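Numbering (the numbering used here), first residue to last: 204 to 545.
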Ligand code: SF4
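Below, the structure is given as structure tokens:
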């Protein structure tokens with residue numbers, strides 16, 4: 204068993220050295236670059252991340268630059284990547300890491316910083332500091348489930364632990380933990396693709412159980428889909444001298460904790476008959492309607508709101524849902540004016 208695994212890993216390392224992509228965050232083992240790239244790569248493809256990564260690193264070249272920057276500036280450089288809580292956590296963690304004197308070198312200590320979950324902590328610890336721990340992402344799950352022939356419910360933490368134990372074992376076989384982890388991820392991102400994997404070229408082929416059973420694309424098991432939810436968002440665009448009110452979102456399940464327009468939400472069983480536009484965020488199917496009356500000045504103050512100019516919106520919240528809402532308002536006004544002229 205040990206022999207078999209070591210043989211597979213030797214072949215995997217040889218393959219990786221010959222086939223690895225030249226990605227900007229692989230230029231060195233700087234924990235800051237690895238941290239930023241791994242955070243961006245959650246929910247976003249490598250190809251899409253590269254230009255954002257380069258721009259972000261130009262703007263915030265070190266941990267200290269990021270810690271010193273205003274949050275709004277960090278958010279504006281995150282625009283387009285979505286899931287803005289990641290950018291907020293990056294900023295908070297950068298400040299905490301600076302206060303702590305830099306990055307701790309093991310995943311257990313990294314986990315104590317905001318936004319450092321098991322994945323990011325292990326990635327930084329293994330890739331930057333060579334800690335002998337494995338990193339689990341979608342690509343790694345696919346390779347492991349197939350190599351081991353395991354039909355595990357990987358989305359449940361109890362069964363995911365089995366995969367974590369296995370990849371930890373791979374990182375403890377005497378090879379460089381950074382390279383082993385990257386090699387497994389690279390294999391999952393290339394040959395071991397979700398459909399029709401290229402097993403005939405694969406360095407793990409000899410010992411891969413799924414390939415032996417001739418059913419590689421039956422694994423991993425598919426996660427049951429989260430049902431989409433229909434929400435009506437009635438937006439009250441409070442405007443005063445060309446300023447709009449934004450309030451901290453404590454009322455809508457989407458864009459939670461972010462700055463949004465005042466309004467109210469309602470979950471529906473079916474699509475509403477009339478609405479201004481529709482927008483999706485993860486499993487939220489949102490139907491947006493601009494309504495009156497507007498909220499009172501007092502209610503905005505009570506909600507600890509802020510007044511911003513339209514051109515400042517992306518600094519407060521770059522989510523495209525908000526931009527579309529403002530555009531919808533402009534469209535409505537233009538339409539009313541046109542009707543009035545007629
Ligand atoms: S042999 Fe095929 S299924 Fe097995 S790890 Fe390689 S590409 Fe994936």
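Here a beta-carbon is modelled for each residue, glycine too, at the ideal position from N, C-alpha and C.
For clarity, every value in this text was computed on a predicted model and none was experimentally measured.
- Between residue 374 and residue 329, the CB-CB gap stays under 8 Å.
- Relative to the ligand SF4, the beta carbon of residue 419 is positioned inside 7 Å of a heavy atom.
- The closest CA to that of residue 350, considering only 216, 423 and 441, is found on 423.
- Proximity of the beta carbon of residue 219 to the ligand SF4 is not indicated: no heavy atom of the ligand is located closer than 7 Å.
- Excluding the 5 residues flanking it on each side, residue 445 has same chain C-beta neighbours closer than 7 Å at 512, in chain order.
- Under the three-state reduction of DSSP output, residue 339 falls in the coil class, being neither helix nor strand.
- Residue 483 is bridged by DSSP to 488.
- Under the three-state reduction of DSSP output, residue 524 falls in the helix class.
- When C-alpha distances from residue 397 are compared across 425, 271, 359 and 275, the shortest belongs to 425.
- Secondary structure of residue 281 (DSSP, three-state): helix.
- Scanning its chain for C-beta atoms nearer than 6 Å, with the 5 sequence neighbours on each side dropped, one finds around residue 297 the residues 266, 269 and 270, in chain order.
- In the DSSP assignment, the residues bridged to residue 446 are 443.
- Partner residues in a beta bridge of residue 387, as assigned by DSSP, do not exist.
- The beta carbon of residue 233 lies closer than 8 Å to those of 331 in the same chain, with the five residues before and after it left out.
- By the CB criterion at 8 Å, residue 334 and residue 364 fall outside the cutoff.
- Counting the other Cβ atoms within 10 Å of the Cβ of residue 457 gives 16 or more, which makes it buried.
- Rounded to the nearest whole angstrom, the C-alpha separation of residue 228 and residue 443 is 46 Å.
- With a threshold of 7 Å, the Cβ atom of residue 229 does not count as near the ligand SF4, since no heavy atom of the ligand is closer than that.
- A Cβ closer than 7 Å to some heavy atom of the ligand SF4 marks a residue here, and those residues are 346, 349, 350, 390, 394, 395, 400, 401, 402, 405, 407, 408, 411, 413, 414 and 419.
- Contact annotation, residue 339 with residue 370: C-beta distance approximately 6 Å; criterion of less than 8 Å satisfied.
- Here the alpha carbon of residue 519 sits roughly 6 Å from the alpha carbon of residue 275.
- The C-alpha of residue 492 lies about 21 Å from the C-alpha of residue 508.
- Around the beta-carbon of residue 452, 16 or more other beta-carbon atoms lie within 10 Å, marking it buried.
- Our two residues, residue 401 and residue 395, have alpha carbons roughly 6 Å apart in a direct line.
- A direct Cα-Cα distance of roughly 11 Å separates residue 264 from residue 239.
- Rounded to the nearest whole angstrom, the CA to CA distance from residue 279 to residue 358 is 32 Å.
- With a 10 Å radius around the Cβ and a threshold of 16 neighbouring Cβ atoms, residue 343 comes out buried.
- Straight across, the Cα-Cα distance linking residue 259 with residue 217 is about 33 Å.
- Non-local C-beta neighbours of residue 523 in its own chain, meaning closer than 8 Å and more than five positions away in sequence, comprise 482, ordered along the chain.
- With fewer than 16 other CB atoms across the displayed protein chains lying within 10 angstroms of its CB, residue 404 is exposed.
- Its chain contains 424 as the residues whose beta carbon lies nearer than 6 Å to that of residue 354, once the 5 sequence neighbours on both sides are disregarded; these appear in chain order.
- In this structure the segment 456-476 touches the segment 434-442; the number of beta carbon pairs closer than 8 Å is three or more.
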